[in-house]
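A short worksheet on the structure shown next.
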Amino acid sequence: MIDLHTHTTESDGTFTPQELVGAAADLGLEALAITDHDTFLGYDTALPSAQERGLDLICGIELSTKFRHQSVHLLGYFLKGDPPEDFRQWITSTQKTRHQRNEELVRKLQACGVNIDLAEVYDIGGRLPGRPHFASLLIAKKYVSSRQQAFDEYLSESGKCFVSRDEHSLEECIQRLESSGGIASLAHPIRFLRDSATAEETIRHLMDTGLRAIEVHHSDYTSMDTQSYLEMSQRLKLLSTGGSDFHGANKPMVSLGTGKQGNVCVPKVLLDELRQQA
Ligand code: AMP
Ligand code: FE
Ligand code: FE
Ligand code: ZN
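Here it is in structure tokens:
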């Protein structure tokens, strides 16, 4: 069993990179990819521990992108070693939009009467805080009683304090990943391709821009979803990726490797195929 979709404290997970490697090794995972949102710091920090524990650690990333006015997540995997320096610099430049969004979000929350300041956000969120950290603060300060309520009332697109981020287009991100030696995989497409009639057409369009994989296993899927993405990947000759989308205590229902109540089990052969095509 492998897990190709996980987050650390360098984005919105609650396990440090070292703790995540420890948990993966204890679980007996044959490979782990760290796919933090918009940063490689979790992977970089985890590498020495992975070498120590003899864990096959894969460099990954989950990019926030824009596609037809929607926010879409794109996974990138660097199976042949680390990403090139110019790709890393591009990632660093995209992080600025997250910091700007965070500042604006604090201002909007304050205007809505929420007692919050930017320092608190970085205290709990570390170097690159995201909306889940804002949700944690809203819960801790008793403005809301759950993560869902924090998103519904304040943080989601329909929430009263929503701030949109200046994200790169999905097509540009696919091209950047692929031309930097990575494999681009559409993360949990179920979230934005709800209409299965047009899903395939959209994915064909993305393949024209360089997309090579889709996420076939994910903790949000039913077994029927997995089956239909598997069939689609075979029909379109796409590679398959998969993982739990582990976030530690920020998504307490999701376990490393096995997802929600064991609904994820990613076979190692999928990684062998990815490596062959990398
Ligand atoms: P950010 O990248 O900072 O804009 O935050 C996006 C993250 O917030 C996503 O990756 C999810 O983990 C989380 N998120 C987004 N919408 C919701 C929601 N409605 N409920 C709970 N978590 C959400
Ligand atoms: Fe996340
Ligand atoms: Fe995601
Ligand atoms: Zn994720």
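Okay, so the sequence shown: first residue is 1186 according to the working numbering, each after it adds one. Idealized CB from N, CA, C, for every residue including glycine.
Ligand 3 heavy atom lying under 7 Å from the CB of residue i
i	result
ASP1197	no
GLU1247	yes
HIS1258	yes
HIS1284	no
ALA1372	yes
Beta-carbon proximity check, residue i vs residue j, cutoff 8 Å
i	j	result
GLY1245	LEU1260	yes
HIS1184	HIS1373	Residue 1184 is absent from the model: the chain starts at 1186 and stops at 1463.
VAL1454	GLY1427	no
THR1465	HIS1192	Outside the shown range of the chain, which is 1186 to 1463, sits residue 1465, and nothing can be said about it.
SER1249	ARG1350	yes
CYS1297	CYS1346	yes
LEU1232	GLU1195	no
ALA1320	ALA1304	no
LEU1441	VAL1348	no
VAL1329	GLU1338	yes
GLU1215	ILE1187	yes
SER1234	VAL1206	yes
ASP1211	HIS1432	no
LEU1313	GLN1280	yes
GLY1311	HIS1222	no
Closest Cα partner of residue i within the set the options
i	options	result
ARG1253	LEU1355, GLU1270 and ASP1405	LEU1355
ARG1376	ILE1399, MET1392 and ASP1393	ILE1399
ILE1263	SER1321, LEU1189 and HIS1284	The sequence given here has Phe at residue 1263, not Ile. With distances taken between Cα atoms, PHE1263 lies closest to LEU1189.
ARG1361	ASP1271, TYR1339, ILE1219 and SER1256	ASP1271
ALA1218	GLY1266, SER1256 and SER1249	GLY1266
SER1364	LEU1294, LEU1322, LEU1232 and PRO1269	PRO1269
ALA1456	GLN1446, SER1425 and ASN1435	A small fix is needed here, since residue 1456 is Leu in this sequence, not Ala. When only C-alpha atoms are compared, the closest one is SER1425.
THR1199	VAL1299, MET1186 and PRO1317	PRO1317
THR1224	GLN1236, HIS1284 and GLU1386	HIS1284
ASP1241	LYS1445, GLY1315 and ALA1209	ALA1209
GLY1213	ASP1302, THR1443 and ASP1405	THR1443
VAL1299	ALA1325, TYR1406 and THR1411	ALA1325
Residue range of the alpha helix (DSSP H) that includes residue i
i	result
THR1282	1270 to 1296
CYS1358	1355 to 1364
SER1321	1316 to 1325
LEU1212	1202 to 1212
GLY1310	1303 to 1310
PRO1374	Unbroken run through PRO1374: none, as it is neither H nor E.
ASP1472	Look at the range of the chain in this structure, 1186 to 1463, and you will see that residue 1472 is not part of it.
GLN1236	1226 to 1238
LEU1415	1408 to 1420
GLU1342	Note, GLU1342: premise wrong, no alpha helix (DSSP H); not H, not E.
Where residue i falls: helix, strand or coil (DSSP)
i	result
VAL1451	strand
ILE1219	strand
ASP1188	strand
SER1440	strand
PHE1128	The shown model of the chain, from 1186 to 1463, leaves out residue 1128, and the question about it has no answer.
Heavy atom of ligand 2 within 7 Å of residue i beta-carbon
i	result
PRO1317	yes
Residue i: first and last residue of the uninterrupted beta strand (DSSP E) it sits in
i	result
SER1370	1368 to 1371
ARG1257	Correcting the residue type first, residue 1257 is Val in the shown sequence and not Arg. Counting along the chain, the beta strand (DSSP E) containing VAL1257 begins and ends at 1255 to 1263.
HIS1403	1398 to 1403
GLU1247	1242 to 1252
THR1426	1424 to 1428
Any non-hydrogen atom of ligand 4 within 7 Å of residue i CB
i	result
THR1220	yes
HIS1192	yes
ASP1430	yes
Cβ-heavy atom distance, residue i to ligand 1, below 7 Å
i	result
GLN1333	yes
SER1349	no
PHE1252	no
SER1341	yes
PHE1225	no
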